[in-house]
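Engineer:
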Amino acid sequence: MNIREEIKELKHARNAIILAHNYQLPEVQDIADFVGDSLGLSIQAAGTDAKTIVFCGVHFMAETAKILSPDKTVLLPDMHSGCPMADMITAADLRGLKKEHAKAKFLCYVNTSASVKAECDLCCTSANAASMVRDLVKKGDRVVFVPDRHLAGYAAGLTGADLVAWHGFCPTHARITAQDILEARGLHPDAVVLAHPECTAEVRAAADRVASTEIMCMYARDMHAGEFIVATEVGIIHRLRKENPDKRFYPACEEAVCPNMKLNTLQKVLAALEDMKHEVTVEREVMHKARKSIRRMLEYRA
Ligand code: 13P
Ligand code: SF4
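So the number in our numbering is just where the residue sits in the sequence shown, counting from 1, plus 2.
Next comes the structure, spelled out in structure tokens:
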């Protein structure tokens with residue numbers, strides 16, 4: 003039996019589902035039951051009947067799955083797969099911000115720890131950040147956005163909101179430069195450029211569309227264009243090519259690799275299922291508070 007068959011067999015035995023983020027290794031995406039963006043994976047985690055969720059992504063995503071499905075066992079194949087952006091803000095930082103902006107609403111990106119989410123009013127993904135900001139601003143709320151300054155800038159640009167933004171960023175998306183886009187356009191003049199909102203303002207300005215990873219997949223499928231330059235983590239190229247064999251996809255920057263996302267391997271998925279190991283847990287009170295802000299995120303599907 004090869005490793006894929008072993009995983010499949012154990013998955014049935016454990017009544018497990020495998021969820022994988024769009025940035026996972028190709029072979030991990032290929033054995034998953036569902037591949038998607040942070041929002042799509044959260045929706046799957048909230049709705050599954052499986053008893054065990056093997057989460058092939060990074061730690062905050064597995065934590066979110068646990069918060070949404072507290073009675074299920076959530077396994078992370080490699081416990082070291084954290085997110086440096088999520089680590090750029092702590093619950094103590096949040097408490098400090100709350101003293102400074104006592105009347106504001108606190109909106110956190112899903113790329114935060116459960117304890118940061120617990121201190122916030124609402125949580126968003128890159129797919130729904132702007133809609134959530136727009137609705138808060140309509141109600142007259144002042145918004146503090148954490149931790150990604152680039153996603154904050156993107157949401158502010160779309161809504162005209164004057165956000166207070168934390169200074170976090172994604173080191174992987176920061177590797178992509180406007181010069182990369184310029185050079186890629188030179189090589190592929192007919193290609194549509196898709197950029198993730200975690201990219202810098204210069205890269206977003208150089209793109210044709212700015213979108214979360216799932217919306218990028220939608221554009222790739224629905225647009226008439228036959229070529230796309232993709233400014234995000236390179237793992238998504240596998241899914242784009244698989245779903246659109248007649249179209250061409252070029253990474254804007256080959257170095258945009260998230261090392262944490264690549265820690266989950268087939269061997270580690272198998273080991274997690276064999277030993278039911280690397281279980282993700284969240285403290286009860288934190289879970290309860292964080293769930294409120296995550297629930298709001300699920301109300302905004304896009
Ligand atoms: P999305 O898949 O939600 O677009 O997020 C990208 C990301 O960087 C997750 O860490
Ligand atoms: Fe975090 Fe960036 Fe990796 Fe996403 S790509 S998990 S934001 S470091």
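Here a beta-carbon is modelled for each residue, glycine too, at the ideal position from N, C-alpha and C.
All of these numbers come straight from a predicted model, not from anything done at the bench.
Please confirm whether any heavy atom of the ligand 13P lies closer than 7 angstroms to the CB of histidine 23.
Structural biologist: As a first step, residue 23 is located in the sequence shown; it is residue number 21 there, counting from the start. Yes.
Engineer: Is DSSP giving glycine 84 helix, strand or coil here?
Structural biologist: Position 82 of the sequence shown, counted from the start, is the residue given in the question as residue 84. Coil.
Engineer: Which same chain residues, not among the five before or five after glutamate 204, have their C-beta less than 6 angstroms away from its C-beta?
Structural biologist: Taking the first residue of the sequence shown as 1, we reach residue 204 at position 202. These residues qualify, in order along the chain: Ala180.
Engineer: Going straight from the alpha carbon of serine 232 to that of histidine 198, what length do you get?
Structural biologist: As a first step, residue 232 must be located in the sequence shown, where it is residue number 230. As a first step, residue 198 must be located in the sequence shown, where it is residue number 196. According to the sequence provided, residue 232 is valine. The question's serine does not apply to it. Each residue's alpha carbon lies about 9 angstroms from the other.
Engineer: Output the boundary residues of the beta strand (DSSP E) element that contains glutamate 229.
Structural biologist: Residue numbering aside, residue 229 sits at position 227 when the sequence shown is read from its first letter. Here the beta strand (DSSP E) through glutamate 229 covers 229-233.
Engineer: Measuring CB to CB, does isoleucine 239 end up less than 8 angstroms from proline 253?
Structural biologist: For the purposes of this step, residue 239 is taken as residue 237 along the sequence shown, with counting starting at 1. For the purposes of this step, residue 253 is taken as residue 251 along the sequence shown, with counting starting at 1. In contact: isoleucine 239 and proline 253 (Cβ atoms closer than 8 angstroms).
Engineer: Could you check which residue in Phe171, Cys172, Leu196 has the C-alpha nearest to that of alanine 183?
Structural biologist: The sequence position of residue 183 within the sequence shown is 181, counting from 1. Checking the displayed sequence, the identity of residue 183 turns out to be isoleucine instead of alanine. Cα-wise, what sits closest to isoleucine 183 is Leu196.
Engineer: Taking just the CA atoms, how far does cysteine 125 sit from proline 79?
Structural biologist: Locating residue 79 in the sequence shown gives position 77, where the first residue counts as 1. Locating residue 125 in the sequence shown gives position 123, where the first residue counts as 1. Cα to Cα, proline 79 sits roughly 25 angstroms from cysteine 125.
Engineer: Let me check understanding here. Comparing Cα to Cα, which of Thr114, Ala163, Val148 lies closest to serine 1?
Structural biologist: Outside the shown range of the chain, which is 3 to 304, sits residue 1, and nothing can be said about it.
Engineer: Kindly list the residues whose CB is nearer than 6 angstroms to the CB of leucine 41, restricted to its own chain and excluding five residues on each side of it in sequence; keep chain order.
Structural biologist: Position 39 of the sequence shown, counted from the first residue, corresponds to residue 41. So the list reads Thr127, Ala129, once near-sequence residues are dropped.
Engineer: Please find out if some non-hydrogen atom of the ligand SF4 comes closer than 7 angstroms to the beta-carbon of valine 145.
Structural biologist: For the purposes of this step, residue 145 is identified with residue 143 of the sequence shown, where counting begins at 1. For the ligand SF4, not one heavy atom lies less than 7 angstroms from the Cβ of valine 145.
Engineer: From which residue to which residue does the beta strand (DSSP E) around proline 253 run?
Structural biologist: For the purposes of this step, residue 253 is taken as residue 251 along the sequence shown, with counting starting at 1. Taken as a continuous stretch (DSSP letters only), the beta strand (DSSP E) holding proline 253 covers 250-253.
Engineer: Evaluate glycine 49 with the Cβ neighbour count: other Cβ atoms within 10 Å of its Cβ, from every protein chain shown; 16 or more gives buried, anything less gives exposed.
Structural biologist: The residue you call residue 49 lines up with position 47 of the sequence shown. Exposed is the call here.
Engineer: Since lysine 107 is in the beta strand (DSSP E), which residue starts that stretch and which ends it?
Structural biologist: To locate residue 107, count along the sequence shown from 1; it is residue 105. Unbroken beta strand (DSSP E) run through lysine 107: 107-111.
Engineer: Hey, quick one: how far does the alpha helix (DSSP H) through histidine 14 stretch, first residue to last?
Structural biologist: Indexing the sequence shown from 1 puts residue 14 at position 12. 5-15 is the span of the alpha helix (DSSP H), which, as asked, contains histidine 14.
Engineer: Within 10 Å of its beta-carbon, does arginine 286 have 16 or more other beta-carbons around it, so buried, or fewer, so exposed?
Structural biologist: Locating residue 286 in the sequence shown gives position 284, counting from the first residue. Classification of arginine 286: exposed, given that the 10 Å Cβ count is below 16.
Engineer: Give a yes or no on whether the C-beta atoms belonging to glutamate 216 and glycine 38 are separated by under 8 angstroms.
Structural biologist: Position 214 of the sequence shown, counted from the start, is the residue given in the question as residue 216. Position 36 of the sequence shown, counted from the start, is the residue given in the question as residue 38. Yes, Cβ-Cβ distance for glutamate 216 and glycine 38 is below 8 angstroms.
Engineer: Given that a residue counts as buried once 16 or more other Cβ atoms are within 10 Å of its Cβ, and exposed if not, what is lysine 270?
Structural biologist: Here residue 270 corresponds to residue number 268 of the sequence shown, with the count starting at 1. Label assigned to lysine 270: buried.
Engineer: Which whole runs of the alpha helix (DSSP H) in the segment 197-232 are 4 residues long or more, in chain order?
Structural biologist: Fully enclosed alpha helix (DSSP H) runs of 4 or longer: 203-208, 215-224.
Engineer: State the start and end residues of the unbroken alpha helix (DSSP H) segment that holds alanine 64.
Structural biologist: Against the sequence shown, residue 64 aligns to sequence position 62. Note, alanine 64: alpha helix (DSSP H), 61-70.
Engineer: Would arginine 293 and isoleucine 19 qualify as a contact pair, given that the criterion is a beta-carbon distance under 8 angstroms?
Structural biologist: As a working mapping, residue 293 is identified with position 291 in the sequence shown. As a working mapping, residue 19 is identified with position 17 in the sequence shown. No. Outside cutoff.
Engineer: Taking 8 angstroms as the limit between beta carbons, can you name the residues of its chain near isoleucine 5, skipping five residues before and five after?
Structural biologist: One-based indexing of the sequence shown puts residue 5 at position 3. For isoleucine 5, where only same-chain residues beyond five positions count, the Cβ hits under 8 angstroms are Leu268, Gln269, Leu272.
Engineer: Grab me the residues of alanine 158's own chain with a C-beta within less than 6 angstroms of its C-beta, minus the 5 sequence neighbours each way, in chain order.
Structural biologist: For the purposes of this step, residue 158 is taken as the residue at position 156 of the sequence shown. Taken in chain order, the residues that qualify are Leu165.
Engineer: Tell me, to the nearest whole angstrom, how far the beta carbon of alanine 161 is from that of arginine 136; I am working on the premise that it is less than 8 angstroms.
Structural biologist: Residue numbering aside, residue 161 sits at position 159 when the sequence shown is read from its first letter. Residue numbering aside, residue 136 sits at position 134 when the sequence shown is read from its first letter. Sequence inspection shows threonine at residue 161; the alanine mentioned does not correspond to that position. Yes, they are in contact, since the Cβ atoms of threonine 161 and arginine 136 sit about 5 angstroms apart, within 8 angstroms.
Engineer: For the 8 angstroms Cβ check, are there 3 or more pairs between the segment 141-148 and the segment 106-113?
Structural biologist: Result yes; three or more Cβ-Cβ pairs closer than 8 angstroms.
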